[in-house]
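In our numbering, the protein residues as written are 4 to 308.
All C-beta atoms in this analysis are idealised placements derived from N, C-alpha and C, irrespective of residue type, glycine included.
Given the structure is predicted, the values throughout are model-derived calculations rather than measurements.
As structure tokens, the structure follows; a few thoughts come after it.
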Ligand SMILES: [Zn+2]
């Protein structure tokens with residue numbers, strides 16, 4: 004087995020693009036994934052907002068022009084999470100980007116450490132509701148090693164648990180990086196289902212194809228809240244009282260696998276996901292992020308010798 008601490012950082016080999024409608028805001032956006040320098044991490048730039056002009060720039064004529072025109076990078080870091088309602092939203096200053104979890108899950112699973120993600124609007128395209136098209140885009144680009152060692156976090160050495168009522172996420176010490184997810188819904192077609200995946204298995208075939216899902220009885224309520232404006236039968240599985248409205252499923256437990264995909268995307272906001280067995284039950288973005296915040300403290304980056 005490769006000592007991951009000695010593995011090089013990686014970026015994309017070439018620019019790739021994707022475009023589509025965002026799940027919640029329903030806006031069409033274009034995304035460019037570009038190579039980035041070592042140590043840059045995974046970061047977003049809102050190209051529709053322009054440079055980060057200082058409000059007092061008029062009076063400060065001698066200010067450094069490079070500083071005045073500095074672009075606002077939104078680094079995919081757990082410290083930049085501003086909202087977790089049905090998707091994960093990052094923000095720095097007045098720049099926000101929403102529903103980042105599927106792209107970040109793909110980038111993390113494909114071991115792309117450094118990437119510049121340019122987007123011309125506030126929300127990532129949902130594409131087909133899974134991470135499959137993001138994985139295809141990364142494959143089209145190819146991956147390029149960089150002459151700097153990857154930064155690793157300390158492994159989880161004792162259980163860490165976060166809980167809200169009967170929903171929880173835990174990280175247990177483990178000899179491998181593994182994720183196990185359970186969900187439990189009253190709608191019979193979903194019911195109680197679990198999935199477990201080791202990072203040594205294929206993300207591309209086992210997790211990436213699993214699509215976003217929604218419950219038909221909640222759709223009107225969510226729309227009234229100004230959410231899921233871009234959701235459709237083309238980009239989300241919808242479950243009704245009498246079964247799935249738009250079958251076939253890609254896996255019998257596709258919803259559990261999709262939640263696992265979301266969990267990986269949210270934990271990737273740690274930069275490096277600490278080695279552990281993560282077990283989640285009925286959890287949400289809010290709980291995923293709460294666990295990530297705790298791990299950011301308890302599993303610091305290892306200082307290379
Ligand atoms: Zn999702």
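- Within the same chain, and ignoring the five residues on either side of residue 98 in sequence, the residues whose Cβ sits closer than 7 angstroms to its Cβ are 49, 52, 75 and 77.
- Burial check for residue 224: the Cβ neighbour count within 10 Å stays below 16, so the residue is exposed.
- Within the region 251 to 305, the complete alpha helix (DSSP H) segments at least 4 residues long are 257 to 270 and 288 to 301, listed from N- to C-terminus.
- The beta strand (DSSP E) runs of length 3 or more contained entirely in the region 144 to 202 are, from start to end of the chain, 146 to 152, 163 to 167, 170 to 175, 181 to 187 and 195 to 201.
- At the C-beta level, residue 95 and residue 298 stay beyond 9 angstroms of one another.
- Measuring C-alpha to C-alpha distances from residue 181 to each of 270, 144, 196 and 131 identifies 270 as the nearest.
- Cβ contact annotation for residue 159 (same chain, cutoff 8 angstroms, sequence separation greater than five): 174, 175, 176, 177, 277, 278, 279, 298, 301 and 302, in chain order.
- Residue nearest to residue 122 within the set 234, 35 and 295 is 35 (criterion: CA-CA distance).
- In chain order, the residues positioned with their C-beta nearer than 6 angstroms to some heavy atom of ligand 1 are 104, 105, 215, 261 and 265.
- Taking residue 39 as the centre and dropping the five residues before and after it, the same chain places the C-beta of 14, 117, 118 and 119 closer than 6 angstroms to its C-beta, in chain order.
- Cβ-Cβ distances below 6 angstroms link residue 260 to 198, 210, 213 and 254 in the same chain, with the five nearest sequence neighbours on each side left out; the list follows chain order.
- DSSP lists 35 and 48 as the beta-bridge partner residues of residue 121.
- For residue 218, the closest of 205, 243 and 234 by C-alpha to C-alpha distance is 243.
- For the 9 angstroms CB-CB criterion, residue 130 and residue 238 form a contact.
- By the criterion of a C-beta distance shorter than 6 angstroms, residue 107 is surrounded in its chain by 79, 268 and 271, once the five residues flanking it on both sides are discounted.
- The alpha carbon of residue 42 has as its nearest neighbour, out of 103, 148, 128 and 201, the alpha carbon of 148.
- DSSP places residue 222 in the uninterrupted alpha helix (DSSP H) bounded by 219 to 227.
- Annotation: residue 285 to residue 153 spans about 33 angstroms, alpha carbon to alpha carbon.
- Straight across, the Cα-Cα distance linking residue 274 with residue 103 is about 14 angstroms.
- By the neighbour-count criterion, in which 16 or more other beta carbons inside 10 Å mark a residue as buried, residue 151 falls on the exposed side.
- For residue 77, the beta-bridge partners assigned by DSSP are 47.
- Here the alpha carbon of residue 33 sits roughly 30 angstroms from the alpha carbon of residue 296.
- A straight line joining the alpha-carbon of residue 28 with that of residue 135 spans about 21 angstroms.
- If the five residues before and after residue 207 are omitted, its C-beta is found closer than 6 angstroms to the C-beta atoms of 138, all from its own chain and listed in chain order.
- DSSP links residue 19 through a beta bridge to 36.
- Apart from the 5 residues on each side of it in sequence, residue 171 sits with its Cβ closer than 8 angstroms to the Cβ of 164, 165, 283, 284, 285, 286 and 290 in its chain, given in chain order.
- Rounded to the nearest whole angstrom, the C-alpha separation of residue 25 and residue 105 is 12 angstroms.
- Boundaries of the beta strand (DSSP E) around residue 92: 92 to 95.
- Distance check between residue 186 and each of 12, 266, 248 and 46 places 266 closest, using alpha-carbon atoms only.
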